[in-house]
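S.K.: So for the sequence shown, the working numbering puts the first residue at 35; every next one is plus one.
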Amino acid sequence: MLSMKKLVLSPILQVMLIASAALFATANIADDNLTVAKTPALQLAALSEGFDAEQTYMLSCFACHSTGAAGAPKVGAGNAAEWEPRMEKGLEAVVANAINGINTMPPKGLCFNCTDDDLAAIVDYMLASSK
Ligand code: HEC
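Okay, structure coming up:
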């Protein structure tokens, strides 16, 4: 009898485990700002001290922009042609799209503790390293 109960419960338990794992992941994202603020080694992602465009690029943007995932313009040597048509509308407009998001490009490139200036600096870095 006990083992039958276990059989009936286990799919429900599985669903609950998956749901709580998803909740945990979401909570982790929400906690990210706090974690970054508390961890000196990761303060690079904050504006005030030691913001580093390359480091923040690696953390927030690299996943999509190194591979061209979802049509993201690729960053890196030899990728100037990916950026030329985008730059036709001017640097300011390109930076604004990084801040606000465009199509599948998420707002702030998912760097939610980046300021507008941080994002502009990252775009500079992306352009400079895509020549
Ligand atoms: C989830 C994937 C993803 C992440 C993460 C991401 N991007 Fe993008 N990005 C895209 C895609 C896709 C496009 C192309 C959007 C379009 O034009 O349709 C894009 C386009 C851009 C553009 C060009 C905008 C224009 O006007 O043409 C810039 C600049 C940019 N991203 C900056 C960033 C920065 C800075 C970060 C990190 C802070 C970042 N992205 C993170 C997917 C991503």
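Where a beta carbon is used, it is the ideal one built from N, C-alpha and C, also for glycine.
#1: If the criterion is Cβ atoms closer than 7 Å, does the pair I133 and L153 meet it?
#2: Rank A103, A104, G110 by C-alpha distance to the C-alpha of V157 and give the top, closest one.
#3: Within a Cβ cutoff of 7 Å, which residues of the same chain sit near K142, ignoring the five residues on either side of it in sequence?
#4: If distances are taken between C-alpha atoms only, which option among K123, G124, L144, R120 comes closest to A97?
#5: Which residues in the same chain have their Cβ closer than 6 Å to the Cβ of A104, if we skip the five residues on either side of it in sequence?
M.R.: Straight from the coordinates:
#1: In the sequence shown, the residue the question calls residue 133 occupies position 99. In the sequence shown, the residue the question calls residue 153 occupies position 119. I133 places its beta carbon less than 7 Å from that of L153.
#2: In the sequence shown, residue 157 corresponds to position 123, counting from 1. Taking only the C-alpha atoms, the option nearest V157 is G110.
#3: To locate residue 142, count along the sequence shown from 1; it is residue 108. Take K142, set aside five residues on each side of it, and the residues of its chain with a beta-carbon closer than 7 Å to its own are I133, C148, L153, in chain order.
#4: Locating residue 97 in the sequence shown gives position 63, counting from the first residue. Answer by Cα proximity: L144.
#5: Numbered from 1 along the sequence shown, position 70 holds the residue referred to as residue 104. Excluding residues up to 5 positions away in sequence, T138 lie with their Cβ nearer than 6 Å to the Cβ of A104 in the same chain.
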